[in-house]
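J.:
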Amino acid sequence: MKPALKAPGDGRSLTELVERLHAFLTAQVPEATDIRIDTLTPVSGGNARKAYAFDLVMGEKDGHIDIPCIMLMQAGAGQLESDLDAEFQVLSALEGSGVPAPRALWIDTDGSGLGAPTVIMERVPGETDFLALRAPEPADRNKAIALAFADAAARLHTAPIDRLGFLGSATRDTTAARQLAIWEAQFLKHRMEPHPAIAFAFQWLKTHAPVAERISLVHGDYRLGNFLFEGERITALLDWEMAHLGDPAEDIAWAYRRLWTPEMHVPIEDFVERYHAAGGPTIRPENLLFYRLFGEIKHAVISLTAARSFADGRTRNLRLADRMTLALPCIKQFLDWLPA
Amino acid sequence: MIYPDDKQLLGGIADALKDTVLPDLARGSAARKQLQAAIETLRRMAFAAPERDAALAADVADMEGVIARVEALLPRHSPPPSLPPQGGGMGGGEIIQQHLALQQQLADLQAAVPENLTAQVTPLLTQLYARMTDRALALIPPPIPRTPRTPA
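One line per chain: the protein sequences are F and C, in this order.
In case it helps, our numbering puts the first sequence at residues 5 to 344.
In case it helps, our numbering puts the second sequence at residues 1198 to 1349.
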């Protein structure tokens, strides 16, 4: 007998996962007949999730339908304490909004059906290769996508937020303070030493928090690598786990962090100009600078959270073991950008 | 026993794993990604090992100097009660304990600076943190150039 294929990293076999998935979908879509799961395949899903692609074929009264799906399963602790349920609701709320995002299909919030908290969404065509988008060539294609990314941001930040009450309330005056409170709490919870430089950064940011131009749905991880593209078109924005209501300047600032910036194809000034031309809310320079500084500290906190997860044995992902080294360039950048 | 030292051991293990185990693992596989991350961490630790204590000692002297200068500016500084670090820390080693204690002292001190002294104190702190960050960054080796993928 051949050994069963293993799902990477957890000892669960793909055969077992297909069985669980079949039972789960049968319960979710009781009216469907002949549910079939084709070609369940592990795909890259980031540091905190396992991702699988599959084709769902099921019978309905009008015949068979075929839905290409992607399944994201939480894989232990990671860089963030993510809320799959909120992410699922955000994607559901965005349906029909014009924001390029995958259609959310089903959720197993507590993992009782599939073995780990899981979201199943429609699989959208395209690739995420952010190294290709930062390469010098093809320059025209990469510039076009960076500008399409500005257009997508404008659509996202002008999307209605009336169905997003589950994300909590935010006001123009307090949204920056609220984000700082969230990330400072994360810092205090996960730090393994006092880190006075990061503590100083929070102190400085709290005394310089700007008023937002408007309250929008903010993606929270808006960057190259977190969207699918096909040709010169963005087909879907991905990874909504940090989505929240807040200042649109936060996403623009994050998109231009050094690790993933599209600056070599579109300078930030041109990106903001395109964003404004596409109908995006006004991005004031002082808000942009504040969120660029905030972004560095947020990324430092994400790194120390990841390192703490590994140090505590809550994840076996070795990519997270030495993640504190990534916090250092963030602190350096914060200090370099700090106004005199 | 002094030799083999940390640099020799950690660096040697990283090289051995890279040369003898990595080639056997399929590109893109979870096992290969785990091993690559382990090699990178070992390599980083080997690079840092010989200079780490000197960098920490330089930090300690630097923090002590800045704390003294900031305290001299404050009228009557009474530090708030110190919170213990939230994690387990690295333990062991006097220089590490000293470093951790001074980090906490700085965190307490900067939280107690009155607004009218911020303009004087902030440059002392930011310059200190920049120097400390530079010392820590100097202990990280440059990344290994990636070998281009070849068709299977």
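We put the beta carbon where it would ideally sit given N, CA and C, even for glycine.
No experiment lies behind these values; they were computed from the predicted model shown.
(1) For a contact meaning CB atoms closer than 8 Å, what does residue 1337 of chain C contact in chain F?
(2) On the CB-based measure, 16 or more other CB atoms within 10 Å of its CB, does residue 1331 of chain C come out buried or exposed?
(3) Mind listing the chain F neighbours of residue 1215 of chain C? Cutoff is C-beta to C-beta under 7 Å, in chain order.
(4) For residue 285 of chain F, name the three-state secondary structure that DSSP assigns.
(5) Contact criterion: CB-CB distance below 9 Å. Does residue 1224 of chain C meet it with respect to chain F?
(6) At least one CB of chain F closer than 9 Å to the CB of residue 1237 of chain C: is that the case?
(7) Quick check on the DSSP output: what are the complete alpha helix (DSSP H) runs of length 4 or more inside the segment 81-125 of chain F, in order along the chain?
(8) Can the beta-carbon of residue 1322 of chain C be found closer than 9 Å to that of residue 200 of chain F?
(9) Would a check of beta-carbon distances place residue 201 of chain F closer than 9 Å to chain C?
(10) Is the CB of residue 340 of chain F under 9 Å away from at least one CB in chain C?
(11) At the level of alpha carbons, what is the spacing between residue 262 of chain F and residue 241 of chain F?
(12) Three-state secondary structure (DSSP) at residue 57 of chain F?
(13) Enumerate in chain order the residues of its own chain whose CB-to-CB distance from residue 1289 of chain C is below 8 Å, with the five nearest sequence positions on each side excluded.
(14) Where does residue 284 of chain F land, buried or exposed, given buried means 16+ other C-beta within 10 angstroms?
(15) Rounded to a whole number of angstroms, what is the C-alpha to C-alpha distance between residue 253 of chain F and residue 271 of chain F?
(16) In the DSSP assignment, find the beta strand (DSSP E) that holds residue 232 of chain F and state where it starts and stops.
(17) Provide the residue span of the beta strand (DSSP E) that contains residue 130 of chain F, from first to last.
(18) In its own chain, which residues sit with a C-beta less than 7 Å from the C-beta of residue 1285 of chain C, not counting the 5 before and 5 after it?
(19) Within the chosen definition, does the segment 244-251 of chain F reach the segment 224-235 of chain F through at least 3 CB pairs nearer than 8 Å?
(20) Work out the CA separation of residue 1216 of chain C and residue 1333 of chain C for me, nearest whole Å.
(21) Looking at C-beta atoms only, is the number of pairs between the segment 1298-1315 of chain C and the segment 1262-1273 of chain C that lie closer than 8 Å three or more?
(22) Look at the alpha carbon of residue 1232 of chain C and the alpha carbon of residue 312 of chain F, and state the distance between them as a whole number of angstroms.
(23) Tell me, please, whether the CB atom of residue 1219 of chain C is closer than 9 Å to any CB atom in chain F?
(24) Shorter than 9 Å from the beta carbon of residue 1265 of chain C to some beta carbon of chain F?
(25) Within the continuous beta strand (DSSP E) that includes residue 240 of chain F, where are the two ends?
(26) To the nearest angstrom, how far is the alpha carbon of residue 342 of chain F from that of residue 209 of chain F?
(27) Going by CA-CA distance only, name the one from C:1260, C:1340, C:1240 that's closest to residue 1213 of chain C.
(28) Which bits of chain F does residue 1326 of chain C rub up against, with CB to CB less than 8 Å?
(29) Answer yes or no: do residue 55 of chain F and residue 43 of chain F have a C-beta to C-beta separation smaller than 9 Å?
(30) Please confirm whether residue 322 of chain F has its beta-carbon closer than 9 Å to some beta-carbon of chain C.
(31) If you run the structure through DSSP and keep just helix, strand and coil, what is residue 47 of chain F?
(32) Give the straight-line distance between the Cα atoms of residue 273 of chain F and residue 291 of chain F, rounded to the nearest whole angstrom.
(33) Quick one: measure Cβ to Cβ for residue 1306 of chain C and residue 1267 of chain C, integer angstroms, because I've assumed they're closer than 8 Å.
T.: This is what the structure gives:
(1) 329, 332
(2) exposed
(3) Near residue 1215 of chain C there are no residues of chain F at all, since even the closest Cβ is about 14 Å away, more than 7 Å.
(4) coil
(5) no
(6) yes
(7) 88-98
(8) Inclusion of residue 1322 of chain C and residue 200 of chain F in the CB contact set at 9 Å is warranted, their separation being smaller than that value.
(9) yes
(10) Interface residue, yes.
(11) 20 Å
(12) strand
(13) Because the pLDDT at residue 1289 of chain C is just 44, under 50, the model does not fix this residue reliably, and the point stays unresolved.
(14) buried
(15) Residue 253 of chain F and residue 271 of chain F have their alpha carbons spaced roughly 16 Å apart.
(16) 231-234
(17) The continuous stretches of beta strand (DSSP E) do not include residue 130 of chain F, and DSSP gives it neither H nor E.
(18) Low confidence applies here, because residue 1285 of chain C scores a pLDDT of 44, under 50, leaving its location unreliable; read the following figure in that light. Here the set comprises nothing.
(19) yes
(20) Computed Cα separation, rounded: 29 Å.
(21) yes
(22) A straight-line Cα-Cα distance of about 20 Å links residue 1232 of chain C and residue 312 of chain F.
(23) no
(24) no
(25) 237-241
(26) 10 Å
(27) The shortest Cα separation from residue 1213 of chain C among C:1260, C:1340, C:1240 belongs to C:1240.
(28) 200, 201, 204, 335, 339
(29) no
(30) Chain C contact via Cβ: present.
(31) strand
(32) 14 Å
(33) The pair is a contact, with the Cβ atoms about 6 Å apart (cut-off 8 Å).
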